[in-house]
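Peer 1: In my numbering, the protein residues as written are 62 to 488.
1. Measuring only the C-alpha atoms, how far is residue 450 from residue 286?
2. Thinking just about the alpha-carbon of each residue, which of 342, 404, 328, 341 is nearest to the one in residue 348?
3. Whole angstroms is fine: what's the gap from residue 176's alpha carbon to residue 137's?
4. Contact check, residue 219 vs residue 189 under 8 Å by CB: the rounded distance?
5. Taking its Cβ as the centre, do 16 or more other Cβ atoms sit within 10 Å of residue 406, making it buried, or is it exposed?
6. Is the separation between the beta-carbon of residue 160 and that of residue 88 shorter than 8 Å?
7. Find out if the Cβ-Cβ distance for the pair residue 168, residue 107 is shorter than 8 Å.
8. What separation, rounded to the nearest whole angstrom, lies between the Cα atoms of residue 324 and residue 462?
9. Could you compute how far the alpha carbon of residue 131 sits from the alpha carbon of residue 346?
10. Would you tell me roughly how many angstroms separate the C-alpha atoms of residue 465 and residue 143, rounded to the nearest one?
11. With 16 other CB atoms within 10 Å as the buried threshold, where does residue 473 fall?
12. Grouping DSSP H, G and I as helix and E and B as strand, with all else coil, what is residue 188?
13. With burial defined as no fewer than 16 other Cβ atoms inside 10 Å of the residue's Cβ, what is the status of residue 261: buried or exposed?
14. With a Cβ-Cβ cutoff of 8 Å, do residue 337 and residue 375 count as a contact?
15. State the beta-bridge partners of residue 142 as determined by DSSP.
16. Would you mind reading off the limits of the alpha helix (DSSP H) that contains residue 7?
17. Measure the alpha-carbon distance for residue 394 versus residue 352 and round it to whole angstroms.
18. Please report the straight-line C-alpha distance between residue 155 and residue 471, rounded to a whole angstrom.
19. Three or more C-beta pairs closer than 8 Å, one from the segment 233-244 and one from the segment 267-276: is that the case here?
20. Who are the Cβ neighbours of residue 229 in its own chain at under 6 Å, not counting the five residues just before and after it?
21. Please go through the segment 294-319 and give each complete beta strand (DSSP E) segment of 3 or more residues, from N-terminal end onward.
22. Measuring alpha carbon to alpha carbon, tell me which residue in 320, 121, 362, 178 is nearest residue 291.
23. Please classify residue 198: is it buried, with 16 or more other beta-carbons within 10 angstroms of its beta-carbon, or exposed?
24. Can you find the residues in the same chain that come closer than 8 Å, C-beta to C-beta, to residue 293, ignoring five residues on each side of it along the sequence?
25. Using C-beta distances below 6 Å, list every residue in its chain close to residue 397, excluding the 5 sequence neighbours before and after it, in chain order.
26. Please go through the segment 392-426 and give each complete beta strand (DSSP E) segment of 3 or more residues, from N-terminal end onward.
27. Indicate the three-state DSSP secondary structure (helix, strand or coil) for residue 481 in the structure shown.
28. Closer than 8 Å by C-beta to residue 249: which residues in its own chain qualify, once you throw out the five before and the five after it? Chain order, please.
29. What does residue 167 pair with, by DSSP beta-bridge criteria?
30. For residue 322, which residues in the same chain have their Cβ closer than 7 Å to its Cβ, ignoring the five residues on either side in sequence?
31. So, is residue 200 buried or exposed, given that buried needs 16 or more other C-beta atoms within 10 angstroms?
32. Applying the criterion that 16 or more other CB atoms from any shown protein chain within 10 Å of the CB defines a buried residue, is residue 433 buried or exposed?
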């Protein structure tokens, strides 16, 4: 096993908007920085596949700035463990990497929240963002009938993207009630760019039904998805479809922060005004500190980059921008809060942990996730609780309080790589 070692002043984990902004700001402030991401190219989930051909002016602007900056970007590398003080271990398909840093910025983003319901494990029942990512990579969707369901602004964006690539979007089912959506809309005048984006997206979907207080009751089919049954207000309806794209808002990726013993409360990394965590010289920006969208991620990334570079006054100048986007994020999160009826969707036979085939009925016997893990292996499969963890938190109130390395499935060779084998790379 080949081992490469890197040393840097500022190490940034995650190359989405927050990570790009943090890395760029740090190097422009005179610090040496390395940006590491597990994906093949920078951009994160929101700008996935846009590194060479950006589709938004904002992505194009930041990609151009980063390319012109003396920032070392390493992609395709997944960070899996902490091996020493201020030293992280990563790996790709052939090589193990050791990253030594003075200051660390976590910009690990977020993932979709999946909620179990009867039939959710059928083929062609997919995450909304996951289906969009597949289409970005060339997955054929033209002519396919798609129902988009769940909650949050991601539903409109995914539906518009799928339709632009030839999908027949039959319906958008939003679980939030109309009263909350109207409340959000009345406040959008304070955020004109967001209001304009919403109008553009809805215009692209002008003839697609958008139903509030509507959510999937079951996915139906023999071996593969054939239809979805929806609860829409007081009525139910069944819609034949080829794909059901589900997403119940987003969940912060806090596993690395937990591993590093940063304080995490209510699923989010706690930070001070300069984005510094409870651990000195470890900062966090973007979705791990609370779901807030690309604009908040960009400004938090810049604040973290300035603070990590020892420029607190430059960071402080961005506080008003951050406050503004935090207010917007707060409105979004209040609007798309999950309704309690969704806790009743899975019956006793519905699989909750897909990796270990654990149904809801078995989990109801236990009082904590730790107890359930010991008896059922729930959360101990290849996803390590990333899919079922947010689901059991919503269903039972169980939370992940700690994590053990490696935080992703890893090769034994990477974990036991000897320092004497290493090739030092000082960048």
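Built from N, CA and C at the ideal position, the CB exists for glycine as well. Values in this document were obtained by computation on a predicted structure and should not be read as measured data.
Peer 2: Looking at the atomic coordinates:
1. Counting from 1 along the chain shown, the entry for residue 450 is found at position 389. Counting from 1 along the chain shown, the entry for residue 286 is found at position 225. Answer to the nearest angstrom: the Cα atoms are 25 Å apart.
2. Position 287 of the chain shown holds residue 348. Comparing Cα positions, the closest option is 328.
3. Counting from 1 along the chain shown, the entry for residue 176 is found at position 115. Counting from 1 along the chain shown, the entry for residue 137 is found at position 76. Cα to Cα, residue 176 sits roughly 29 Å from residue 137.
4. Here residue 219 corresponds to residue number 158 of the chain shown, with the count starting at 1. Here residue 189 corresponds to residue number 128 of the chain shown, with the count starting at 1. That belief holds up - the Cβ atoms of residue 219 and residue 189 are roughly 4 Å apart, short of 8 Å.
5. As a position in the chain shown, residue 406 is number 345, starting the count at 1. Buried is the label assigned to residue 406, since at least 16 other Cβ atoms lie within 10 Å of its Cβ.
6. One-based indexing of the chain shown puts residue 160 at position 99. One-based indexing of the chain shown puts residue 88 at position 27. No, the Cβ-Cβ distance between residue 160 and residue 88 is not below 8 Å.
7. As a working mapping, residue 168 is identified with position 107 in the chain shown. As a working mapping, residue 107 is identified with position 46 in the chain shown. Not closer than 8 Å, so no.
8. Your numbering for residue 324 matches position 263 in the chain shown. Your numbering for residue 462 matches position 401 in the chain shown. Residue 324 and residue 462 have their C-alpha atoms roughly 10 Å apart.
9. Numbered from 1 along the chain shown, position 70 holds the residue referred to as residue 131. Numbered from 1 along the chain shown, position 285 holds the residue referred to as residue 346. Going from the Cα of residue 131 to the Cα of residue 346 covers about 21 Å.
10. As a working mapping, residue 465 is identified with position 404 in the chain shown. As a working mapping, residue 143 is identified with position 82 in the chain shown. Straight-line Cα distance between these residues: approximately 10 Å.
11. The residue given as residue 473 occupies position 412 in the chain shown. Counting Cβ neighbours within 10 Å, residue 473 comes out exposed, since fewer than 16 surround it.
12. Position 127 of the chain shown, counted from the start, is the residue given in the question as residue 188. In the three-state DSSP reduction, residue 188 falls in the strand class (E or B).
13. Start at 1 with the first residue of the chain shown, and residue 261 comes out as number 200. Exposed, because fewer than 16 other Cβ atoms sit within 10 Å of the Cβ of residue 261.
14. Counting from 1 along the chain shown, the entry for residue 337 is found at position 276. Counting from 1 along the chain shown, the entry for residue 375 is found at position 314. For the pair residue 337 and residue 375, the CB atoms are not nearer than the 8 Å cut-off.
15. By 1-based counting over the chain shown, the position of residue 142 is 81. Beta-bridge analysis with DSSP links residue 142 to 150.
16. Outside the modelled stretch of the chain, which goes from 62 to 488, sits residue 7, for which no answer is possible.
17. Mapped onto the chain shown, residue 394 falls at position 333. Mapped onto the chain shown, residue 352 falls at position 291. Roughly 8 Å between the two C-alpha positions.
18. Along the chain shown, one-based indexing puts residue 155 at 94. Along the chain shown, one-based indexing puts residue 471 at 410. Each residue's alpha carbon lies about 12 Å from the other.
19. By the Cβ test, the segment 233-244 is in contact with the segment 267-276, since at least three Cβ pairs between them sit closer than 8 Å.
20. The sequence position of residue 229 within the chain shown is 168, counting from 1. Correct list, in chain order: 206.
21. 296-301, 304-309, 311-313, all fully within the segment 294-319.
22. Taking the chain shown and counting its residues from 1, the one referred to as residue 291 is at position 230. Comparing Cα positions, the closest option is 178.
23. Taking the chain shown and counting its residues from 1, one reaches residue 198 at position 137. Its Cβ having fewer than 16 others within 10 Å, residue 198 is exposed.
24. Looking up residue 293 in the chain shown gives position 232. Within its own chain, the residues whose Cβ lies closer than 8 Å to the Cβ of residue 293, once the five positions on either side in sequence are excluded, are 234, 272, 274, 275, listed in chain order.
25. Here residue 397 corresponds to residue number 336 of the chain shown, with the count starting at 1. The beta carbon of residue 397 lies closer than 6 Å to those of 212, 213, 237, 310 in the same chain, with the five residues before and after it left out.
26. The segment 392-426 contains these whole beta strand (DSSP E) runs: 412-414.
27. Taking the chain shown and counting its residues from 1, the one referred to as residue 481 is at position 420. Unreliable placement is indicated for residue 481, whose pLDDT of 49 sits below 50; the coordinate value is still reported in the next sentence. In the three-state scheme derived from DSSP, where H, G and I count as helix and E and B as strand, residue 481 is classed as helix.
28. What you label residue 249 is simply residue 188 of the chain shown in a count that begins at 1. So the list reads 255, 256, 259, once near-sequence residues are dropped.
29. Taking the first residue of the chain shown as 1, we reach residue 167 at position 106. For residue 167, which the question treats as bridged, DSSP gives the partners 74, 345.
30. If you number the chain shown from 1, residue 322 lands on position 261. Here the set comprises 340.
31. Residue 200 sits at position 139 when you count from the first residue of the chain shown. With fewer than 16 Cβ atoms within 10 Å of its Cβ, residue 200 is classed as exposed.
32. Within the chain shown, the letter at position 372 stands for residue 433. By the 10 Å Cβ count, residue 433 comes out buried.
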